[in-house]
Amino acid sequence: MMRADPVPVIVCADDFGLSRGVNAGILELAEAGRISAAGCMTGLPAFGADAGRLKTFQGRLDLGVHLTLTDQEPLTSMPVLAPAGKLPSLGTLLKLGLAGRLPEDEIEREISAQIDRFAEQIGRLPDFVDGHQHVQQLPGINRICVDIVARLDAPERPYIRACNDRLSAVLRRGRSVGRALAVGMFGHGLRRCAKRHGLQTNSGFSGFYDYSGAVDFADAFPDFLTAAVPGTLVFCHPGRSDAELAERDSLTVQRDRELAFMAGPAFPDLLAKAGVRLARFRPD
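Its first residue numbered 1, the sequence shown is counted upward by one per residue in the working numbering.
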């Protein structure tokens, strides 16, 4: 049975800027009205190549910074964290954070530079800030991220993505429960830190599933909407595979599958059946 009043949820396509093919897929969904937010990897060359096209969706999508602190090249000089010009793996970054050994000055400069690059290309500050591989939540980085966002001079400061949800919601969805709980563990601290600084966060979070290709994204997506409340954020990774993507990331063919489903005729019907509607974080 459909709900009388559809629940507003944010469907956010991550990784704009990772490659031109990923950009093309996200722009296709934006044009079709199939997403309500897009997160940008502003330090990568493909972001600048297509930022002008993304900019045309201001007012229709939440546009944000998808902070990149792993695996790619940084915008700034980071002699400690990226001595060879490449950022560390997520595992290494997490270990440094847990040990209290992060080069905080370097990270602060890099986060600020990525936000500045967004403002230069899009013409304004982002609607939100989150992180590739959820790095905005990691110990040490969470505080730096919140401090920077809290200092931004804007009538409405960006909201920050928190990647946790109610335990009951995670269990009801039944998708990648272990990973959802492990990632979500760091979301609690981020929410507390954001609240202390008067910053807003999404009310719920979903989108975890097995990326190996063994799971059909079309079968998984309805579960993402289970137990959704107003302001739940569903993250996804649609795009078109290309050579640039293959060089930068291991998630390739699965992006094509996500795009095919989200661009297809079944997607709007699924949202309606689930009793949800696409929405931005702050209603117009």
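Yeah, the Cβ is synthetic: ideal placement off N, Cα and C, and Gly gets one too. Just so we're clear, the structure is a prediction, and the values are computed from it rather than from any experiment.
Note to self: If distances are taken between C-alpha atoms only, which option among P74, L190, A32 and Q133 comes closest to G39?
What the structure shows: Sequence index remark: in the sequence shown, residue 39 carries index 39 (1-based). Across the set P74, L190, A32 and Q133, the C-alpha of Q133 shows the shortest separation from the C-alpha of G39.
Check: If you check the beta carbons only, do G207 and V234 fall under 9 Å apart?
Finding: Here residue 207 is taken as the residue at index 207 of the sequence shown, counted from 1. Here residue 234 is taken as the residue at index 234 of the sequence shown, counted from 1. Cβ distance < 9 Å, so G207 and V234 count as in contact.
Next item on the list: Would you mind reading off the limits of the alpha helix (DSSP H) that contains L94?
Entry: The count along the sequence shown starts at 1 and reaches residue 94 at position 94. Looking at the DSSP string, the run of the alpha helix (DSSP H) that includes L94 is L90 to L98.
Next item on the list: Using 10 angstroms around the beta-carbon of S250, count the other beta-carbons present and answer buried if the total reaches 16, otherwise exposed.
Entry: Counting from one through the sequence shown, the residue named residue 250 turns up at place 250. With fewer than 16 other beta carbons inside 10 angstroms of its own, S250 counts as exposed.
Notebook entry, point to check: Does DSSP put A194 in a helix, a strand or coil?
Noted result: Mapped onto the sequence shown, residue 194 falls at position 194. Residue state, collapsed to three classes: helix.
Margin query: Does H237 pass the burial test, meaning 16 or more other C-beta atoms within 10 Å, or should it be called exposed?
Written below: Taking the first residue of the sequence shown as position 1, residue 237 is located at position 237. Label assigned to H237: buried.
Check: With contact counted as at least three CB pairs below 8 Å, one residue from each stretch, are the region 23–36 and the region 265–281 in contact?
Finding: These segments touch.
Item checked: Whether F118 touches L63 by CB criterion (9 Å) -> As a first step, residue 118 is located in the sequence shown; it is residue number 118 there, counting from the start. As a first step, residue 63 is located in the sequence shown; it is residue number 63 there, counting from the start. Going by beta carbons, F118 and L63 fall inside the 9 Å limit.
Note to self: Taking DSSP's pairing of strands, which residues face V295 in a bridge?
What the structure shows: The structure shown has nothing for residue 295, since the chain only spans 1 to 284.
Item checked: First and last residue of the uninterrupted beta strand (DSSP E) at G39 -> Position 39 of the sequence shown, counted from the first residue, corresponds to residue 39. Per DSSP, G39 is one residue of the beta strand (DSSP E) stretching across A37 to C40.
Notebook entry, point to check: Roughly how many angstroms lie between the CA atoms of V215 and A24, to the nearest whole one?
Noted result: Here residue 215 refers to the residue found at position 215 when the sequence shown is read from its first residue. Here residue 24 refers to the residue found at position 24 when the sequence shown is read from its first residue. Approximately 24 Å between the Cα atoms of the pair.
Check: Near Q121, which residues of its chain fall below 8 Å by C-beta distance, leaving aside the five closest residues on each side in sequence?
Finding: Within the sequence shown, residue 121 is the residue found at index 121, counting from 1. Within its own chain, the residues whose Cβ lies closer than 8 Å to the Cβ of Q121, once the five positions on either side in sequence are excluded, are T42, F47, G48, A51, G52 and K55, listed in chain order.
Next item on the list: Starting from D105, follow the alpha helix (DSSP H) in both directions and report where the run begins and ends.
Entry: Along the sequence shown, read from residue 1 onward, the residue named residue 105 stands at position 105. Note, D105: alpha helix (DSSP H), E104 to I122.
Note to self: Rounding to the nearest angstrom, what Cα-Cα distance links G174 and A182 in this structure?
What the structure shows: Position 174 of the sequence shown, counted from the first residue, corresponds to residue 174. Position 182 of the sequence shown, counted from the first residue, corresponds to residue 182. Rounded to the nearest angstrom, the gap between the Cα atoms of G174 and A182 is 14 Å.
Next item on the list: Please report how far the alpha carbon of K95 lies from the alpha carbon of D256, in whole angstroms.
Entry: Counted from its first residue, the sequence shown places residue 95 at position 95. Counted from its first residue, the sequence shown places residue 256 at position 256. K95 and D256: Cα-Cα distance of roughly 32 Å.
Notebook entry, point to check: Just the Cα atoms here: how many angstroms apart are A162 and E258?
Noted result: The count along the sequence shown starts at 1 and reaches residue 162 at position 162. The count along the sequence shown starts at 1 and reaches residue 258 at position 258. Going by the C-alpha atoms only, they are around 22 Å apart.
Note to self: Using only the alpha-carbon positions, how far apart do T252 and E156 sit?
What the structure shows: As a working note, residue 252 is residue 252 in the sequence shown. As a working note, residue 156 is residue 156 in the sequence shown. The straight-line gap from Cα to Cα measures roughly 35 Å.
Check: Which stretch, first to last residue, makes up the beta strand (DSSP E) that contains A285?
Finding: No information on residue 285 is available, as it lies outside the stretch 1 to 284 that the chain covers here.
Check: M262 and L18 look like a contact to me (Cβ under 8 Å); what is the Cβ gap, rounded to whole Å?
Finding: What you label residue 262 is simply residue 262 of the sequence shown in a count that begins at 1. What you label residue 18 is simply residue 18 of the sequence shown in a count that begins at 1. Going by Cβ atoms, the distance from M262 to L18 rounds to 17 Å, so no, they are not a contact pair.
Item checked: The beta strand (DSSP E) enclosing V129, as first and last residue numbers -> Taking the first residue of the sequence shown as 1, we reach residue 129 at position 129. Per DSSP, V129 belongs to the beta strand (DSSP E) from F128 to G131.
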